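S.K.: Got a structure here, written out as structure tokens. Questions coming.
Residue numbers (my numbering), protein chains in the order written: chain A, -11 to 112; chain B, 16 to 233.
Written out as structure tokens, the structure is:
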């Protein structure tokens, strides 16, 4: 039998926290029931709340192409970030570092080639 | 429903403990207050206006909310950019016929309880543009206005006076009973008809339930 006695206040704290959050909501609900009737309406519940009527559908779709472009840009972004310090320290580097860098660039180039083959680079 | 309301009415309008008992209790450090008074006290000290200006009166409204005039003293410095969070619409400026539908729609989108201050000559009557073709002759033709402020434009002090007038009005509102305000009455409307630009004027020209033409006595 473990002694959890000193952690009991946590349980109390949890209950009080939940009540603290729920009690005002419950009170507001009761108040609305007793005194203040709810009055929803077509305009009050409208999606757009700037005095103008919404035109067309509000559930519109964005073209995701741009985001894929942006992600592919990251390849070059990160590449530069690593290549510049590599180039600066190139003469003092061992062979292992050179090979590691080649593998890194190969991985990135592979990703680019894959995206190119998928036709991501042609704007539709 | 009717039965329920009547019993609530009796309950709320009974005076509660008499003055002697109240003063006796307050000597012991017990403060008694009616639920209605506490409710109104809370509401009148936290009126959030809608952040919305139409013309030059809005500049005075902005001045009133800034440090020199400091509307925050009345608990009303939180200008809300969304009608869903606002209690008070300050119609500050000339309401053109093109803008009137948007103003009414914004008012409709505010949650109850909601109040309107018509600020300046234009908002209450059309002001200097009353004879013009494109200006509404007072926003009270479409929505119920609680406080009218004359002036062109009214100074921030006048807006503050309107605020205090509105606070007194809120303070006196009954929670139950026959003369309770609109937002507590289930039968009273919360949305008002939005006018539209017609062939050569805004239609309808007025909301019959809100405004009737004054009778001129000559």
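Each residue gets a CB set at the ideal place from its N, CA and C atoms; glycine is no exception. From a predicted model like this one, the values you see are computed outputs, not experimental measurements.
Roughly how many angstroms lie between the CA atoms of residue 196 of chain A and residue 33 of chain A, to the nearest whole one?
M.R.: Because chain A here runs from -11 to 112, residue 196 of chain A falls outside it and cannot be looked at.
S.K.: By Cβ distance below 6 Å, which residues in the same chain neighbour residue 195 of chain B in space, the five residues on each side in sequence not counted?
M.R.: Result list for residue 195 of chain B: 189, in chain order.
S.K.: Is residue 205 of chain B close to chain A? Criterion is C-beta to C-beta, closer than 8 Å.
M.R.: Yes - at least one Cβ of chain A is within 8 Å of the one on residue 205 of chain B.
S.K.: For residue 119 of chain A and chain B, any beta-carbon pair shorter than 8 Å?
M.R.: Any property of residue 119 of chain A remains undetermined from this structure, which presents chain A solely from -11 to 112.
S.K.: With a threshold of 8 Å between beta-carbons, can residue 21 of chain A be considered close to chain B, or not?
M.R.: No, its Cβ sits nowhere closer than 8 Å to a Cβ of chain B.
S.K.: Give the DSSP-derived three-state secondary structure of residue 180 of chain B in the structure shown.
M.R.: Here residue 180 of chain B sits in helix by DSSP.
S.K.: Note down, in chain order, every chain B residue with its Cβ under 7 Å from the Cβ of residue 25 of chain A.
M.R.: Under the 7 Å cutoff, chain B gives 201.
S.K.: Under 8 Å: do the segment 154 to 173 of chain B and the segment 109 to 123 of chain B share three or more Cβ pairs, one atom per stretch?
M.R.: They touch, by the three-pair rule.
S.K.: I'd like the span of the alpha helix (DSSP H) that includes residue 88 of chain A, first residue to last.
M.R.: From DSSP, the alpha helix (DSSP H) with residue 88 of chain A extends over 83 to 106.
S.K.: What separation, rounded to the nearest whole angstrom, lies between the Cα atoms of residue 89 of chain B and residue 41 of chain A?
M.R.: Those two C-alpha atoms are separated by around 33 Å.
S.K.: Hey, quick one: how far does the alpha helix (DSSP H) through residue 107 of chain B stretch, first residue to last?
M.R.: Counting along the chain, residue 107 of chain B falls outside any alpha helix (DSSP H), though it belongs to the beta strand (DSSP E) covering 103 to 107.
S.K.: Quick one, which residues of the segment 83 to 99 of chain B are near chain A if we go by CB-CB under 8 Å, in chain order?
M.R.: For the segment 83 to 99 of chain B, which is checked against every Cβ of chain A, the residues closer than 8 Å are 97, 98 and 99.
S.K.: Taking its Cβ as the centre, do 16 or more other Cβ atoms sit within 10 Å of residue 53 of chain A, making it buried, or is it exposed?
M.R.: It is exposed - the Cβ of residue 53 of chain A has fewer than 16 other Cβ atoms within 10 Å.
S.K.: When we look at the beta-carbon of residue 25 of chain B and count the other beta-carbons within 10 Å, is it buried (16 or more) or exposed?
M.R.: Reliability of the predicted coordinates at residue 25 of chain B is poor, the pLDDT of 42 falling under 50, and the value obtained from them is presented with this limitation in mind. Flag for residue 25 of chain B reads exposed.
S.K.: Given a cut-off of 8 Å on the beta-carbon distance, is the pair residue 105 of chain B and residue 181 of chain B in contact?
M.R.: Going by C-beta atoms, residue 105 of chain B is not nearer than 8 Å to residue 181 of chain B.
S.K.: Does the beta carbon of residue 34 of chain A come closer than 8 Å to any beta carbon on chain B?
M.R.: Output row for residue 34 of chain A: interface = yes.
S.K.: Which bits of chain A does residue 120 of chain B rub up against, with CB to CB less than 7 Å?
M.R.: Residues of chain A passing the Cβ test: 31 and 39.
S.K.: Taking all protein chains shown into account, decide if residue 114 of chain A is buried (16 or more other Cβ within 10 angstroms of its Cβ) or exposed.
M.R.: What is shown of chain A runs -11 to 112, which leaves residue 114 of chain A out entirely.
S.K.: Name the residue from B:111, B:121 and B:128 whose alpha carbon lies nearest to the alpha carbon of residue 139 of chain B.
M.R.: That would be B:111, whose Cα lies nearest to the Cα of residue 139 of chain B.
S.K.: Cβ closer than 8 Å: which chain A residues qualify as neighbours of residue 176 of chain B?
M.R.: Correct list: empty, because the minimum Cβ distance to chain A is about 28 Å.
S.K.: Please name the residue in A:103, A:66, A:101 and A:44 whose C-alpha comes closest to that of residue 89 of chain A.
M.R.: Among A:103, A:66, A:101 and A:44, the Cα nearest to that of residue 89 of chain A belongs to A:66.
S.K.: Pull up the distance between the alpha-carbon of residue 97 of chain A and that of residue 103 of chain A, whole angstroms please.
M.R.: Roughly 10 Å between the two C-alpha positions.
S.K.: Mind listing which residues of the segment 209 to 224 of chain B have their C-beta closer than 8 Å to chain A's C-betas, in chain order?
M.R.: So the close ones are 209.
S.K.: Run through the DSSP bridge pairs and tell me what residue 211 of chain B is partnered with.
M.R.: Answer is B:218, bridged to residue 211 of chain B.
S.K.: From residue 87 of chain A to residue 95 of chain A, what distance separates their C-alpha atoms?
M.R.: Spanning the two alpha carbons is a distance of roughly 12 Å.
S.K.: Report yes if the CB atom of residue 174 of chain B is closer than 8 Å to the CB atom of residue 134 of chain B, and no otherwise.
M.R.: Yes, Cβ-Cβ distance for residue 174 of chain B and residue 134 of chain B is below 8 Å.
S.K.: What are the residues in the segment 124 to 144 of chain B lying within 9 Å of chain A by C-beta distance?
M.R.: So the close ones are 124, 125, 126, 127 and 128.
S.K.: Let's test the definition: count the other Cβ atoms within 10 Å of the Cβ of residue 64 of chain B and tell me whether it reaches 16, buried, or not, exposed.
M.R.: Residue 64 of chain B should be labelled buried.
S.K.: Report the neighbours of residue 163 of chain B on chain A: residues whose CB is nearer than 9 Å to its CB, in chain order.
M.R.: By Cβ distance, chain A contributes nothing, its closest Cβ being about 22 Å from residue 163 of chain B, past 9 Å.
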